[in-house]
Amino acid sequence: MNGTRKILSAFLVLTFLAALVSVGNLSVAEAQGSRRDFSISTEYTHIVIGKGKEVELEVRIANLGERDEDIVLSVSGPEDWEPRFEKSWAYEVRAIHLGYEEGQNSVRLKFKVKPPEEAAPGDYEFTLRATTKDGKLSKSLKIAVTLKAEAAPVAPETERVKLLTKYPSMKQPAGEKFEFEIELRNEVDETRVFDLAAEIPYGWAAYCTPRWEKAKKISAIKVNANGTERLSFVLIPPPDVPEGEYKATFSARAGEDVATIELKAEVTGTYTLK
0 MNGTRKILSA FLVLTFLAAL VSVGNLSVAE AQGSRRDFSI STEYTHIVIG
50 KGKEVELEVR IANLGERDED IVLSVSGPED WEPRFEKSWA YEVRAIHLGY
100 EEGQNSVRLK FKVKPPEEAA PGDYEFTLRA TTKDGKLSKS LKIAVTLKAE
150 AAPVAPETER VKLLTKYPSM KQPAGEKFEF EIELRNEVDE TRVFDLAAEI
200 PYGWAAYCTP RWEKAKKISA IKVNANGTER LSFVLIPPPD VPEGEYKATF
250 SARAGEDVAT IELKAEVTGT YTLK
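According to numbering that gives the first Met the number 0, the stretch in the sequence shown is residues 0 to 273, in order.
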């Protein structure tokens, strides 16, 4: 009788311990399953622009959880404004991978839109959405853009900085890149750092290098007082680009001083042997 009671007691103890382990594992699993989160944010959520002006906002996406996340990006809003996420030099971004460790858990992208010529004055809304690849987490961010009835006044370009090129128009067959040689002149008595930027055709890519260091891609350059730096600005058309003329605008800015130069790339078709 005593032996039976001992066996029964041992069985009940083991059953109780197994239940505790099961509950503990469930709690850990639930905790791990809940440790997923991320954020999407920007400093400016309502922008006012004039006709013909482009919106460019920095957007930060950060992984707040404890596992890697693959996140798909999308934008809803007026499609003729060409809303999109971009990285440097106009590369469009549609998905990102974020680690969970410091230094690998966030990325900064540019949200860009530009009103079409026929856009009427008024308020326009865009929704930036980020969704994990498995669809379990989704965050959104609303951006309002007010298009003013009159074009914003354009400040005259100052002679404190100049951009010059001997060949503002180039022709190349399909599949070839366009390389423009540009002079950047600092017309003041102080050394300054100029930020370099470009507006390029949708779907194209671009980068800039110092004239004699073509392996070094740059987005800013220091120019000595009353000095000149020579740059190479490279435009890369998409593989399936149709024949025609395409325009780009290259700019250099230091503080309030800015200069721009208009460039034209003409795709002439593919050379064939007969």
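Quick reminder that beta carbons are idealized off the backbone N, C-alpha and C, glycines included.
Test: residue i CB closer than 9 Å to a CB of chain C
i, result
"D67", "The question asks about chain C, but that chain is absent: this structure has only one protein chain."
Rounded separation between residue i and residue j - CA only
i, j, result
"I181", "K165", "8 Å"
"K216", "Y99", "29 Å"
"D188", "K213", "28 Å"
"K41", "G268", "Here residue 41 is Thr; the residue named in the question, Lys, does not match the sequence. Taking the straight line joining both Cα atoms gives about 42 Å."
"A224", "V160", "11 Å"
"E228", "E186", "12 Å"
"A253", "E242", "36 Å"
"G274", "E117", "Residue 274 is absent from the structure shown; the chain starts at 0 and stops at 273."
"Y56", "D122", "The sequence as given places Leu at residue 56; Tyr does not occur at that position. Answer to the nearest angstrom: the Cα atoms are 17 Å apart."
"L72", "Q103", "18 Å"
"T126", "P82", "10 Å"
"K221", "F193", "6 Å"
"T131", "I260", "41 Å"
"I142", "F179", "36 Å"
"E158", "S139", "44 Å"
"S168", "E91", "25 Å"
"A129", "R35", "14 Å"
"H45", "E149", "18 Å"
"L262", "T145", "30 Å"
"F177", "I48", "31 Å"
"V106", "R66", "16 Å"
"L162", "G134", "48 Å"
"E175", "C207", "16 Å"
"W80", "A94", "20 Å"
"L136", "I70", "9 Å"
"E255", "P236", "32 Å"
Supposed contact pair residue j and residue i - C-beta distance, whole angstroms, cut 8 Å
i, j, result
"S38", "L63", "6 Å"
"G202", "E124", "Not a contact, Cβ separation roughly 25 Å."
"A205", "V233", "6 Å"
"L195", "A219", "6 Å"
"E78", "L108", "Wrong, their Cβ atoms sit about 19 Å apart, outside the cutoff."
"K170", "E265", "5 Å"
"A197", "A119", "In fact, because the Cβ distance is near 28 Å, the residues do not count as touching under 8 Å."
"P200", "L230", "Not really, about 20 Å apart at Cβ, beyond 8 Å."
Neighbour-count burial assignment, residue i, 16 or more Cβ in a 10 Å radius
i, result
"E68", "buried"
"P238", "exposed"
"K111", "buried"
"W211", "exposed"
"V54", "buried"
"N24", "Residue confidence is low: N24 scores 44 on pLDDT, short of 50, so the model does not pin down where it sits. Its coordinate-derived value is still stated next. When all chains shown are included, N24 counts as exposed."
"P172", "exposed"
"R59", "exposed"
"R191", "buried"
"Y245", "buried"
"A258", "buried"
"P115", "exposed"
"A89", "buried"
Sheet register partners of residue i (DSSP bridge)
i, result
"V160", "N185"
"I48", "L146"
"I235", "A204"
"D256", "A253"
"V222", "R191"
"L262", "A247"
"A196", "S250"
"L230", "I181, P209"
Could I get the ranges of all uninterrupted beta strand (DSSP E) runs contained in the stretch 68 to 146, with 3 residues as the minimum, in chain order? Listed in chain order, the complete beta strand (DSSP E) runs (minimum 3 residues) inside the stretch 68 to 146 are 68 to 75, 83 to 85, 94 to 97, 105 to 112, 121 to 131, 137 to 146.
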